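2 protein chains.
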Amino acid sequence: MHKRYAFIGAGEGTWRVQWSRAVRGEALAPATHVSVMPVDGPPGGEPVSWRLEGHMSNLRYATRSELTVLRSTQEPLGRPDARCAAMIPIRKSAAWWELAQDERRAIFEETSHHTAIGLAYLPAISRQLYHARDLGQPFDFITWFEYARPHAGEFEELVARLRSSREWDFVDREVDIRLELAA
Amino acid sequence: MHKRYAFIGAGEGTWRVQWSRAVRGEALAPATHVSVMPVDGPPGGEPVSWRLEGHMSNLRYATRSELTVLRSTQEPLGRPDARCAAMIPIRKSAAWWELAQDERRAIFEETSHHTAIGLAYLPAISRQLYHARDLGQPFDFITWFEYARPHAGEFEELVARLRSSREWDFVDREVDIRLELAA
């Protein structure tokens, strides 16, 4: 299984950018397409607008009961009818990382209901979290979502609920890129 | 602040190897010396026996009360009288990483008393944890300890207590390298 992926903004690619905006902090350079590929794959020679990396890892906050529900409900990426995607790289503040595990967990779930909110949109919205902070990347996380077009409204609701949570007070950089399959 | 470090086993270096053994799983190649340096430092041209990398990160299990006690009690690395060191790279099993956060925390602290055991040897034994799993390294962690020679017996006791804990049932590779300052 590949664990580490590169996210590449360029003039061509698998996903066509519908729109992109900086929600908080600095934007990414403009790109018309985005591709996601294992970092140990063949290097492409094309000029790119930006390149981010992230890796899949274990979940940091989910309890056993949450994990069991998540695993039994969520769908994988790459479903044929999921032609819409969102890539939302996020950086959290130094204040967040200074918190202890129990404080982060309390904000993440007991206060902000992060997992519970995501669960409400399963299985329609597939998600994958990529960790980037410990790779020295400009974002701490790259969040990736896939869904069929009829669920686009639900996805906007999901994003709005998370952004209005207490947890998001600790987000100090966020870029939102909406994509659709190019082919 | 540097976050990512390389641990280099070679024929010369900052620390002289007193002894090295595989506690569980495969050993590392023999080396007479070990050096620790930031990965963004100047590259050395010398042949090396092995090279591991790890990065400092936030603590994954400590609660606020534990963190407060740790920060007020522990001493940094590099104390002049701390001429003894131990480097113990550790890998945990797939079963560990499949656990949920609350299960890992319960084994780590409520069952195995990992933080509480470490606290009992502060400030004599300085520690630094480097994370390596998400860098695709052969170990998940590189643990590093420094102490003055009169505390060597206490250090052996600390290691023995951790190794006999339930948490250690999930350790599937461990190498133990004891060092003293070369100069």
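As given, the protein sequences belong to chains A and B, one line each in that order.
Following numbering that gives the first Met the number 0 from start to finish, the first sequence increments by one per residue and tops out at 182.
Following numbering that gives the first Met the number 0 from start to finish, the second sequence increments by one per residue and tops out at 182.
Don't be surprised by glycine CBs; every beta carbon is placed ideally from N, CA and C.
Bear in mind that the values here come from a model prediction, so they are computed numbers and not experimental data.
Quick one, which of the options has its alpha-carbon nearest residue i's?
i	options	result
MET36/A	PRO88/A, PHE140/A, LYS2/A, GLU74/A	LYS2/A
ALA5/A	LEU157/A, VAL22/A, SER48/A	SER48/A
ILE7/A	ARG103/A, MET55/A, VAL38/A, ALA26/A	VAL38/A
ALA81/B	GLU156/B, ASP175/B, TRP14/B, LEU157/B	TRP14/B
TYR146/B	GLU11/B, GLU74/B, VAL174/B, HIS54/B	GLU74/B
ILE116/B	VAL68/B, ARG177/B, ALA21/B, HIS32/B	VAL68/B
GLU65/A	HIS113/A, LYS91/A, LEU180/A	HIS113/A
GLY24/B	PHE144/B, SER56/B, LYS91/B	LYS91/B
ARG132/B	ILE106/B, ALA119/B, TYR60/B, SER56/B	SER56/B
ARG50/B	SER125/B, PRO29/B, ARG59/B	PRO29/B
SER111/B	ALA182/B, GLU11/B, GLU173/B, LEU157/B	LEU157/B
If you run the structure through DSSP and keep just helix, strand and coil, what is residue i?
i	result
ARG82/B	coil
ASP175/A	strand
GLY152/B	helix
PHE169/B	helix
SER34/A	strand
ALA159/A	helix
LEU128/A	strand
LEU27/A	coil
Around the Cβ of residue i, are there at least 16 other Cβ atoms within 10 angstroms (buried) or fewer (exposed)?
i	result
TRP142/A	According to the sequence as given, residue 142/A is Thr; it is not Trp. THR142/A should be labelled buried.
SER34/A	buried
GLY135/B	exposed
LEU27/A	buried
ALA94/A	exposed
ALA159/B	exposed
PRO88/B	buried
ARG148/B	exposed
ARG78/B	exposed
GLN17/B	exposed
ASP168/A	exposed
LEU180/A	exposed
SER125/A	buried
Nearest chain C C-beta to residue i closer than 8 angstroms, yes or no?
i	result
LEU66/B	Among the protein chains in the structure shown, which are A and B, there is no chain C.
When you check each C-beta in the segment 112 to 142 of chain A against every C-beta of chain B, which residues fall closer than 9 angstroms? HIS130, ARG132, ASP133, LEU134, GLY135
Where are the beta strand (DSSP E) runs, 3 residues long or more, that stay fully inside the segment 78 to 124 of chain B, in chain order? 83 to 91
Give me the subset of the segment 43 to 60 of chain B whose CB atoms are less than 8 angstroms from a CB atom of chain A, sorted by chain position. HIS54, SER56, ASN57, LEU58, ARG59, TYR60
Of the residues that make up the segment 72 to 100 of chain A, which ones have a beta carbon closer than 7 angstroms to any beta carbon in chain B? TRP96, ALA99, GLN100
Restricting to runs no shorter than 4 residues, where is the alpha helix (DSSP H) found entirely within the segment 43 to 81 of chain B? 63 to 72
Listed from N- to C-terminal order along the chain, which residues in the segment 150 to 169 of chain B have their beta-carbon within a distance smaller than 9 angstroms of any beta-carbon of chain A? none
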